[in-house]
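Everything on this sheet refers to the single structure shown next.
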Amino acid sequence: MYDLSTQVLVVDDMLTMRKIMMKACRDIGFTNLVDAADGVKAWEILNSTDNNIGLVVSDWSMPNCTGLDLLKRVRGDGRFKFLPFVLITAESEGTQVAEALRAGVDNYIIKPFTAEILRVKLEEAQAKTSKRAA
Amino acid sequence: MGNTLKSGIDAEFINPFIKAAKVAFLTQASTDLVSGTPYIKPPDEEIRMEVAGVISLSNPSVSGSISLCFKREVFLKIYENMVGEKHSEISPEIEDAAGELLNIIFGQAKTILNDQKGYSLERAIPTIVVGERLRLKYSRHAPVILIPFECSAGLFHLVVVVEHT
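Protein sequences appear in the order of chains A and B. The first sequence stops at residue 1326 when you use my numbering, and every number in between is there. The second sequence stops at residue 166 when you use my numbering, and every number in between is there.
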């Protein structure tokens, strides 16, 4: 399991869902949470020296810069090559999952989800990241 | 396409939304739903609502809309179940929950309809409508199907208006 002091970046344009995601992260035990309302803001946070993000949990559908756009930007930057990145979406179509996997996502959560589902998916993502980094 | 009941309601199209609503509310809002029998809205029946999430459908197979409509007190209780915060009014801070719940329902139902029933519904973004004595106007060409749901917070409706093209 993750070190629970890991700084987690939660990204969603819908405030209610952001609160649900933050609450689920807290229920798992994470204490160091940062949030952003879209991919542009999330990218700023990732690049800020004030932060040391160790895990990104992002919605897919957002204005300006989607979760997939953010993922591609993250994977295109060598500094974040092994940053665990989990996408959350209301969609579960195979083509979208394949697109996210091609872009380098570490795991994929279909809404609705519980804190327990999030915990399991994050553990799977961590295992995948470790494998990539080995 | 479709399994039309005597009532004129296309059960094949409606049932995935009922199933998805039950899963969405139970998982995301810890709220058990009991669905009532879907029926076509009589012209003189108005359902009271103060907040609604609306998704418009427009693609080669169907056109219309899906709406999730709540009375204020029902919405506030469901929001509390979802987020753990108590609010006394529907504010911009919380109104997006109506759209988010509908988004989850639509995403789940869309997968079933596209993968198993041969539809080609596309991703859609919900609009949120808030106001006193809210009334949603629908096309006169398609029946307005009301799906009532009862839960600990009270009664609310999923409204499906769909024309197969």
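Think of the CB as a built atom: it goes at the ideal place given N, C-alpha and C, for glycine as much as any other residue. This structure is a prediction, so every number in the text was calculated from the model and none was measured.
Contact residues within the stretch 1278-1307 of chain A, judged by C-beta distance below 8 Å to chain B
1281, 1282, 1283, 1284, 1285, 1302, 1303, 1304, 1305 and 1306
Can you pull the chain A neighbours of residue 101(B), defined as C-beta to C-beta under 7 Å?
As a working note, residue 101(B) is residue 100 in the second sequence. The answer, in chain order, is 1206, 1208 and 1209.
Could you check what DSSP says for residue 1228(A) in three-state terms: helix, strand or coil?
In the first sequence, the residue the question calls residue 1228(A) occupies position 36. Looking at residue 1228(A) - three-state DSSP - the assignment turns out to be strand.
Contact set between residue 1212(A) and chain B, taken where Cβ atoms lie within less than 8 Å:
Position 20 of the first sequence, counted from the first residue, corresponds to residue 1212(A). Neighbours of residue 1212(A) on chain B, chain order: 29, 83 and 84.
With a Cβ-Cβ cutoff of 7 Å, do residue 1321(A) and residue 1276(A) count as a contact?
The count along the first sequence starts at 1 and reaches residue 1321(A) at position 129. The count along the first sequence starts at 1 and reaches residue 1276(A) at position 84. Yes, the pair counts as a contact, with Cβ atoms nearer than the cut-off.
I'd like the span of the beta strand (DSSP E) that includes residue 162(B), first residue to last.
Walking along the second sequence from the start, residue 162(B) turns up at place 161. 155-165 is the span of the beta strand (DSSP E), which, as asked, contains residue 162(B).
Buried or exposed for residue 52(B), please, with buried defined as at least 16 other CB atoms from any protein chain shown within 10 angstroms of its CB.
Taking the second sequence and counting its residues from 1, the one referred to as residue 52(B) is at position 51. That one is buried.
Distance between residue 46(B) and residue 1218(A) (C-alpha atoms, nearest Å)
As a working note, residue 1218(A) is residue 26 in the first sequence. As a working note, residue 46(B) is residue 45 in the second sequence. Looking at the two C-alpha atoms, the distance is approximately 45 Å.
DSSP three-state call for residue 1194(A): helix, strand or coil?
Within the first sequence, numbered from 1, the residue matching residue 1194(A) stands at position 2. Here residue 1194(A) sits in coil by DSSP.
Using a Cβ-Cβ distance cut-off of 7 Å, determine whether residue 105(B) contacts chain A.
Sequence index remark: in the second sequence, residue 105(B) carries index 104 (1-based). Judged by the 7 Å Cβ criterion, residue 105(B) is in contact with chain A.
Counting only beta-carbon atoms, is residue 54(B) nearer than 7 Å to chain A?
For the purposes of this step, residue 54(B) is taken as the residue at position 53 of the second sequence. No, residue 54(B) lies away from the interface with chain A (no Cβ there is under 7 Å from its Cβ).
Residue range of the unbroken beta strand (DSSP E) whose run includes residue 1297(A):
Here residue 1297(A) corresponds to residue number 105 of the first sequence, with the count starting at 1. Neither: residue 1297(A) is in no beta strand (DSSP E) and is coded neither H nor E.
Quick one: does the C-beta of residue 1319(A) sit closer than 6 Å to a heavy atom of the ligand NAD?
The model depicted lacks the ligand NAD and carries no ligand whatsoever.
For residue 1269(A), the nearest candidate out of 1296(A), 1292(A), 1220(A) and 1281(A) (CA to CA):
Translated into the one-based positions of the first sequence, residue 1269(A) becomes position 77. Nearest option by C-alpha distance: 1296(A).
Buried or exposed for residue 1294(A), please, with buried defined as at least 16 other CB atoms from any protein chain shown within 10 angstroms of its CB.
Residue 1294(A) sits at position 102 when you count from the first residue of the first sequence. By the neighbour-count rule (16 or more Cβ atoms within 10 Å), residue 1294(A) is not buried but exposed.
Can you tell which of 34(B), 19(B) and 28(B) has its C-alpha closest to the C-alpha of residue 67(B)?
Here residue 67(B) is taken as the residue at index 66 of the second sequence, counted from 1. If we check each option's Cα against that of residue 67(B), 19(B) comes out closest.
Against chain A, with Cβ distances strictly below 7 Å, would residue 108(B) count as a contact?
For the purposes of this step, residue 108(B) is taken as residue 107 along the second sequence, with counting starting at 1. Yes, contact with chain A.
Consult DSSP for residue 1322(A) and reduce its assignment to one of helix, strand or coil.
As a position in the first sequence, residue 1322(A) is number 130, starting the count at 1. Here residue 1322(A) sits in helix by DSSP.
Give a yes or no on whether the minimum CB-CB distance between residue 98(B) and chain A is below 7 Å.
The residue given as residue 98(B) occupies position 97 in the second sequence. Yes - at least one Cβ of chain A is within 7 Å of the one on residue 98(B).
Measure the Cβ-Cβ separation of residue 97(B) and residue 1258(A) and say whether it is below 7 Å.
Position 96 of the second sequence holds residue 97(B). Position 66 of the first sequence holds residue 1258(A). Contact flag unset, no.
With C-beta atoms as the reference, is residue 137(B) less than 7 Å away from residue 69(B)?
Against the second sequence, residue 137(B) aligns to sequence position 136. Against the second sequence, residue 69(B) aligns to sequence position 68. No, they are not a contact pair.
With a threshold of 6 Å on Cβ separation, who are the neighbours of residue 1299(A) within its own chain once the five nearest residues in sequence on each side are excluded?
As a working mapping, residue 1299(A) is identified with position 107 in the first sequence. Hits under 6 Å: 1278, 1313, 1316 and 1317.
Does residue 1283(A) come out as helix, strand or coil in the three-state DSSP assignment?
Counting from 1 along the first sequence, the entry for residue 1283(A) is found at position 91. If DSSP states are grouped into helix, strand and coil, residue 1283(A) belongs with coil.
If you count every other CB in all the chains shown that lies within 10 Å of the CB of residue 1280(A), and 16 or more means buried, which is it?
Mapped onto the first sequence, residue 1280(A) falls at position 88. With 16 or more other Cβ atoms within 10 Å, it is buried.
Amino acids of chain B, ordered along the chain, whose beta-carbon sits closer than 8 Å to that of residue 1215(A):
Position 23 of the first sequence holds residue 1215(A). Neighbours of residue 1215(A) on chain B, chain order: 84 and 85.
Starting from residue 32(B), find everything on chain A with Cβ-Cβ shorter than 7 Å and list it in chain order.
Taking the first residue of the second sequence as position 1, residue 32(B) is located at position 31. The premise fails here: residue 32(B) is roughly 11 Å from chain A at the closest Cβ pair, so nothing lies under 7 Å.
Nearest CA to the CA of residue 145(B): which residue from 57(B), 24(B), 26(B) and 40(B)?
Translated into positions along the second sequence, residue 145(B) becomes position 144. Nearest option by C-alpha distance: 40(B).
Quick one: what does DSSP say residue 122(B) is sitting in, helix, strand or coil?
Indexing the second sequence from 1 puts residue 122(B) at position 121. The answer is coil: DSSP assigns residue 122(B) none of H, G, I, E or B.
Min CB distance residue 154(B) to chain A below 7 Å
Taking the second sequence and counting its residues from 1, one reaches residue 154(B) at position 153. No, no contact with chain A.
Within 10 angstroms of the Cβ of residue 164(B), are there 16 or more other Cβ atoms? Answer buried if so, exposed if not.
For the purposes of this step, residue 164(B) is identified with residue 163 of the second sequence, where counting begins at 1. The residue is exposed, with fewer than 16 neighbouring Cβ atoms inside 10 Å.
Contact defined as beta carbons within less than 8 Å: I believe residue 83(B) pairs with residue 135(B). What is the distance between those atoms, to the nearest angstrom?
Reading the second sequence from its first residue, position 82 is the one you call residue 83(B). Reading the second sequence from its first residue, position 134 is the one you call residue 135(B). So it is not a contact: roughly 21 Å between Cβ atoms.
Residues near residue 1194(A) in its chain [Cβ-Cβ closer than 7 Å; skip 5 each side]:
Within the first sequence, numbered from 1, the residue matching residue 1194(A) stands at position 2. The answer, listed in chain order, is 1247, 1314 and 1318.
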